[in-house]
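Okay, structure first, notes after.
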């Protein structure tokens with residue numbers, strides 16, 4: 002289980018959520034409008050960045066040179082972010098939740114999730 006908590010810089014706004022996976026946590030935080038962006042799709046943008054792509058790339062244009070969103074979506078649908086990339090993406094989206102913590106359970110209680118909790122991009126717990 003992943004335990005996420007976030008709060009604003011003034012500490013007035015606070016939220017906590019639990020999820021089984023980083024993708025589930027990402028989707029939950031997006032649906033709650035905590036890490037979303039009204040200008041672009043955060044996940045799609047991150048996938049395009051990962052593969053050094055932009056919506057301006059020729060492969061995403063139609064015959065008239067206009068952006069074909071179906072081509073962008075097809076690319077995103079076949080390229081994924083790892084657990085570690087999702088963890089970093091969530092942490093970077095600090096507009097509402099400037100301070101964020103990611104915790105996991107251990108035999109000795111909860112500990113903060115860190116870089117060593119990932120192996121080849123996959124969450125180990």
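In this note's numbering, the protein residues as written are 2 to 126. From the three backbone atoms N, C-alpha and C, an ideal C-beta is built for every residue, glycine too.
Boundaries of the beta strand (DSSP E) in which residue i is found, first to last residue
i, result
"residue 106", "100 to 107"
"residue 3", "3 to 8"
DSSP bridge partner residues for residue i (one or two, in chain order)
i, result
"residue 112", "105"
"residue 68", "62"
Backbone secondary structure at residue i - three-state DSSP
i, result
"residue 19", "strand"
"residue 120", "strand"
"residue 62", "strand"
"residue 28", "helix"
"residue 37", "coil"
Range of the contiguous alpha helix (DSSP H) that encloses residue i
i, result
"residue 86", "84 to 93"
CB contact flag (residue i, residue j, <8 Å)
i, j, result
"residue 24", "residue 87", "yes"
"residue 76", "residue 69", "no"
- Item | Inter-stretch contact (C-beta, 8 Å, three-pair minimum) for the region 41 to 49 and the region 102 to 111 | no
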